[in-house]
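Here's the structure, in structure tokens; my notes come after.
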Amino acid sequence: MVAAPVRGEQPVRRGRREHPGQLIRRHILDRHALSISEAAHLLGVQTRTLLDVLAGKASLSPELTERIEAVFGAARQLRRPPL
């Protein structure tokens, strides 16, 4: 989305918010050098479930958020606030 520019200024691009799956990949999998199957095992979920969240095909459920918090620490920032 591009906001209307003020006279003499360049248009301002509004950044797209990252899907929680992208944040999980960067802040958990990459940081802890975990494979998807290793992370799924630690979280007690099926690998397919975690893959769907990482790919943006599934939402981050409150239950999975709680599991992430329990295993890796704070994860509330991964949830999208309601619009």
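In this text, residue positions in the sequence shown follow the working numbering: the first is 5, and each later residue adds one.
Note that beta-carbon positions come from the ideal geometry of N, C-alpha and C, so glycine has one too.
Nearest-angstrom Cα separation, counted from residue j out to residue i
i	j	result
GLY25	ASP34	12 Å
LEU1	ARG20	The shown model of the chain, from 5 to 87, leaves out residue 1, and the question about it has no answer.
ARG71	GLY60	18 Å
PHE76	ALA62	20 Å
SER41	THR51	5 Å
Reduced DSSP secondary structure (H/G/I, E/B, other) of residue i
i	result
HIS45	helix
GLN50	coil
ARG20	coil
GLY60	coil
ALA74	helix
LEU68	helix
Beta-carbon separation (whole angstroms), residue i vs residue j, contact threshold 8 Å
i	j	result
ARG29	LEU58	5 Å
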